[in-house]
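Asker: Numbering (my numbering), first residue to last: 1 to 660.
#1: Leaving out the 5 sequence neighbours to the left and right, which residues in its chain are closer than 7 Å to residue 400 when beta-carbon positions are compared?
#2: Would you call residue 131 buried or exposed, if buried means 16 or more other Cβ atoms sit within 10 Å of its Cβ?
#3: Per DSSP, residue 634 is paired with what?
#4: Could you tell me whether any Cβ in chain D is nearer than 8 Å to the Cβ of residue 126?
#5: At the level of alpha carbons, what is the spacing between residue 406 and residue 306?
#6: Since I believe residue 611 is in contact with residue 602 (beta carbons under 8 Å), could you give me their beta-carbon distance rounded to a whole number of angstroms?
#7: By DSSP, does residue 393 sit in helix, in strand, or in coil?
#8: Whose C-alpha, out of 143, 275, 323, 120, is nearest the C-alpha of residue 481?
#9: Just how far apart, CA to CA, sit residue 621 and residue 527?
#10: Pull up the distance between the alpha-carbon of residue 509 and that of residue 522, whole angstroms please.
#11: Are there 16 or more other CB atoms within 10 angstroms of the CB of residue 433, so buried, or fewer, so exposed?
#12: Straight-line CA distance for residue 626 to residue 123?
#13: Please classify residue 584 as buried or exposed, where buried requires at least 16 neighbouring CB atoms within 10 angstroms.
#14: Do the segment 383-391 and the segment 628-641 meet, that is, are 3 or more Cβ pairs less than 8 Å apart?
#15: For a test of the three-state rule: what should DSSP assign to residue 454, helix, strand or coil?
#16: Rounded to a whole number of angstroms, what is the C-alpha to C-alpha distance between residue 247 and residue 141?
#17: Are the Cβ atoms of residue 281 and residue 316 separated by less than 8 Å?
#18: Hey, is the segment 499-508 in contact with the segment 212-225, meaning 3+ C-beta pairs nearer than 8 Å?
#19: Kindly confirm or deny that the segment 534-543 and the segment 355-364 touch, where touching means at least three C-beta pairs closer than 8 Å.
#20: Taking the Cβ atom as the reference point for each residue, do residue 121 and residue 235 lie within a distance shorter than 8 Å?
#21: Entirely within the segment 92-179 and at least 4 residues each: give me those alpha helix (DSSP H) ranges in chain order.
#22: Work out the CA separation of residue 531 and residue 354 for me, nearest whole Å.
#23: Do the CB positions of residue 416 and residue 169 come within less than 8 Å of each other?
#24: Please list the segments of the alpha helix (DSSP H) lying wholly inside the segment 225-291, counting only runs of 4 or more residues, in order along the chain.
#25: Note down the Cα distance separating residue 500 from residue 135, rounded to an integer number of angstroms.
#26: Which value, in whole angstroms, describes the spacing of the CA atoms of residue 613 and residue 595?
#27: Whose C-alpha, out of 217, 118, 113, is nearest the C-alpha of residue 546?
#28: Using 8 Å as the threshold, is the C-beta distance between residue 376 and residue 95 below it?
#29: Are the CB atoms of residue 104 and residue 93 nearer to each other than 8 Å?
#30: Would you give the residue range spanned by the beta strand (DSSP E) that residue 382 belongs to?
#31: At which residues does the alpha helix (DSSP H) containing residue 204 begin and terminate?
#32: Check for me: the alpha helix (DSSP H) holding residue 350 runs from which residue to which?
#33: Alpha carbon to alpha carbon, how far is residue 558 from residue 145?
#34: Can you name, in chain order, every residue of its own chain whose Cβ lies under 7 Å from the Cβ of residue 650, other than the five neighbours on each side?
#35: Exposed or buried, which one is residue 257 when buried takes at least 16 other CB atoms within 10 Å?
#36: Just to confirm, are residue 304 and residue 195 a CB contact at a threshold of 8 Å?
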């Protein structure tokens, strides 16, 4: 069995939770065979009454047969598809045009869905206990899994808090991004400053301004939000919301915490080597006093507002600058491709793998550049509108390596939406939250190989050696290749590996908040304790409970999950010799894509363990592929750190805290 590719699986990024109550990136496949065009912009009250009349809210049909459960699910799947369409429509309208009218429309649509859902989920529980058909029971179990309160006042309060937190965050970010609302140009465009500036004082100023502008207004609202979520979870039989959340994101996974501990324990030694190397290079650039002398790294120096991705400091930490072609790659991207061109490139690659091309509606309705009004949410998201062919991406696309990666990632979500769109509505989702992220990241990693980039003309072809070089100096070419390989692995490690502890700590902090182990009195202290423990990162200025630094990260006020199982290696059962290979093709299609396509079409219809076993021959998640993939870099890092007599880790370090 040969290692053919990586399917990302541990701890990860930026897509909105698949929850019935959350109107963000919803898994909304096409409408149960009914392709009629719906022109309404919201659910009108007459439609809602008609739906509820058609299925009496107090009575349940005879539950003594498989047919009655099947009839119930047939109706629910159709109605659920319709509600999800309107939810997606309302969410799209608000995120592309943040007006008060659109905000109210989103809240009203969510309320109407909740009113319908709390009735239907109780019926589903009754049918679940009355049927022995495993497929029907699985649909009923998934549909009935909920933490929504029956109390309409609480549900509306929850929606109100979500909207208020999102508004505070967006307004805080806008204050720093809009010239008219700021007193100094040093704080304008903070995300660009944090990624490009090499002035540590300027970086610190912007880093602090972002947290002062976004976090504190959210703290009290977030505390109320936690109470409401826990109350809804208790009402539905869960001890706290974290138990529900983990079940909803990782269905069929009873040992999630243990699994995460095991995977992170296997990966942590590699992260420590990367952290140690980056710390030394930053100290050479800025001085040890700026970076820190206790083994930690100051959070404002990592090229990212939250210290989650470190790829923006690649110019500082590049192992072999003389062998680097990243600047050529960026220049050619900007020269040859527009934002739309990046999406066409991604589509071309996906179709070469046998995946379908994007639909007409995708190209007509997606928003791939920032709106001129500036009234949209730039956070990249993929949407499924539950109408035939209506899939969209919302993104403020920049023609850059970072932009290219995000485009491939988001198109991976769209491919997944399309693949399982034939399933019943309840199954139009991944079997666990891990799988949606895996598709986008796998495509992203695959296309960024040297062979494929050369085929696209984005990097120079390798120069042919003369006979003398090949015969007399055979190691010369290999030595240059090795340097370029280490550079490429470093780029990927800064982006993907550096993210893993952050992805884990964000949700583990939230889970402990829901469990009551972290309270409003120690929100911020525990946040920085987690960042120290997992990342080895420290605030550049003293923090206190007057601050709310978790609220400075979009996923906290937006209530988006962060932990994603990532980087599960595929040891395909298909030998390398049996790959589909076309010497004239731009891309080479691995034969195991047949298995991948089968997995994508399954949706949530079978447990993720079964789908993983079909794909890899094993139902166990492992970090082996990630460690194999980064093995050359690990050996190089170990040698570098040993050569420079570096201390690995940050034992004994403490957080930068201002006692009140």
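Note that the Cβ used here is the ideal one computed from N, Cα and C, for glycine as well.
Answerer: On the basis of the data shown:
#1: Here residue 400 corresponds to residue number 400 of the chain shown, with the count starting at 1. Taken in chain order, the residues that qualify are 330, 333.
#2: Mapped onto the chain shown, residue 131 falls at position 131. Residue 131 comes out buried.
#3: For the purposes of this step, residue 634 is taken as the residue at position 634 of the chain shown. In DSSP, residue 634 forms no bridge with anything.
#4: Annotation note: the requested chain D is absent from the structure, which comprises a single protein chain.
#5: Translated into positions along the chain shown, residue 406 becomes position 406. Translated into positions along the chain shown, residue 306 becomes position 306. Rounded to the nearest angstrom, the two C-alpha atoms are 18 Å apart.
#6: Position 602 of the chain shown, counted from the start, is the residue given in the question as residue 602. Position 611 of the chain shown, counted from the start, is the residue given in the question as residue 611. At roughly 6 Å, the Cβ-Cβ gap stays under 8 Å, so residue 602 and residue 611 are in contact.
#7: Working through the chain shown from its first residue, we reach residue 393 at position 393. If DSSP states are grouped into helix, strand and coil, residue 393 belongs with the strands.
#8: As a position in the chain shown, residue 481 is number 481, starting the count at 1. Ranking the options by Cα distance to residue 481, first place goes to 323.
#9: One-based indexing of the chain shown puts residue 621 at position 621. One-based indexing of the chain shown puts residue 527 at position 527. Going from the Cα of residue 621 to the Cα of residue 527 covers about 28 Å.
#10: In the chain shown, the residue the question calls residue 509 occupies position 509. In the chain shown, the residue the question calls residue 522 occupies position 522. Each residue's alpha carbon lies about 11 Å from the other.
#11: Locating residue 433 in the chain shown gives position 433, where the first residue counts as 1. Counting Cβ neighbours within 10 Å, residue 433 comes out buried, since at least 16 surround it.
#12: Start at 1 with the first residue of the chain shown, and residue 626 comes out as number 626. Start at 1 with the first residue of the chain shown, and residue 123 comes out as number 123. Going from the Cα of residue 626 to the Cα of residue 123 covers about 44 Å.
#13: Here the question's residue 584 lines up with position 584 in the chain shown. Residue confidence is low: residue 584 scores 37 on pLDDT, short of 50, so the model does not pin down where it sits. Its coordinate-derived value is still stated next. Flag for residue 584 reads exposed.
#14: no
#15: The residue labelled residue 454 in the question sits at position 454 within the chain shown. Reduced to three states, the DSSP call for residue 454 is helix.
#16: Numbered from 1 along the chain shown, position 247 holds the residue referred to as residue 247. Numbered from 1 along the chain shown, position 141 holds the residue referred to as residue 141. About 11 Å.
#17: Here residue 281 corresponds to residue number 281 of the chain shown, with the count starting at 1. Here residue 316 corresponds to residue number 316 of the chain shown, with the count starting at 1. Cβ atoms of residue 281 and residue 316: closer than 8 Å.
#18: no
#19: no
#20: Locating residue 121 in the chain shown gives position 121, where the first residue counts as 1. Locating residue 235 in the chain shown gives position 235, where the first residue counts as 1. Not a contact, by the Cβ cut-off of 8 Å.
#21: 100-130, 134-144, 152-177
#22: Against the chain shown, residue 354 aligns to sequence position 354. Against the chain shown, residue 531 aligns to sequence position 531. Answer to the nearest angstrom: the Cα atoms are 42 Å apart.
#23: The sequence position of residue 416 within the chain shown is 416, counting from 1. The sequence position of residue 169 within the chain shown is 169, counting from 1. No; because the gap between Cβ atoms is not below 8 Å, this pair is not in contact.
#24: 241-249, 256-286, 288-291
#25: Taking the chain shown and counting its residues from 1, the one referred to as residue 500 is at position 500. Taking the chain shown and counting its residues from 1, the one referred to as residue 135 is at position 135. If I take the Cα positions, the gap works out to 35 Å.
#26: By one-based count along the chain shown, residue 613 stands at place 613. By one-based count along the chain shown, residue 595 stands at place 595. For residue 613 and residue 595, the distance between alpha carbons rounds to 11 Å.
#27: In the chain shown, counting from the first residue as 1, residue 546 sits at position 546. Taking only the C-alpha atoms, the option nearest residue 546 is 217.
#28: Counting from one through the chain shown, the residue named residue 376 turns up at place 376. Counting from one through the chain shown, the residue named residue 95 turns up at place 95. Closer than 8 Å, so yes.
#29: Within the chain shown, numbered from 1, the residue matching residue 104 stands at position 104. Within the chain shown, numbered from 1, the residue matching residue 93 stands at position 93. Cβ distance not < 8 Å, so residue 104 and residue 93 don't count as in contact.
#30: For the purposes of this step, residue 382 is taken as the residue at position 382 of the chain shown. It spans 381-384 - the beta strand (DSSP E) in which residue 382 sits, taken as one unbroken run.
#31: Working through the chain shown from its first residue, we reach residue 204 at position 204. First-last of the alpha helix (DSSP H) with residue 204: 200-214.
#32: To locate residue 350, count along the chain shown from 1; it is residue 350. It spans 339-352 - the alpha helix (DSSP H) in which residue 350 sits, taken as one unbroken run.
#33: Your numbering for residue 558 matches position 558 in the chain shown. Your numbering for residue 145 matches position 145 in the chain shown. Cα to Cα, residue 558 sits roughly 21 Å from residue 145.
#34: Along the chain shown, one-based indexing puts residue 650 at 650. Result list for residue 650: 294, 295, 296, 536, in chain order.
#35: The count along the chain shown starts at 1 and reaches residue 257 at position 257. Per the 10 Å Cβ criterion, exposed.
#36: Reading the chain shown from its first residue, position 304 is the one you call residue 304. Reading the chain shown from its first residue, position 195 is the one you call residue 195. In this structure, residue 195 lies closer than 8 Å to residue 304 by Cβ.
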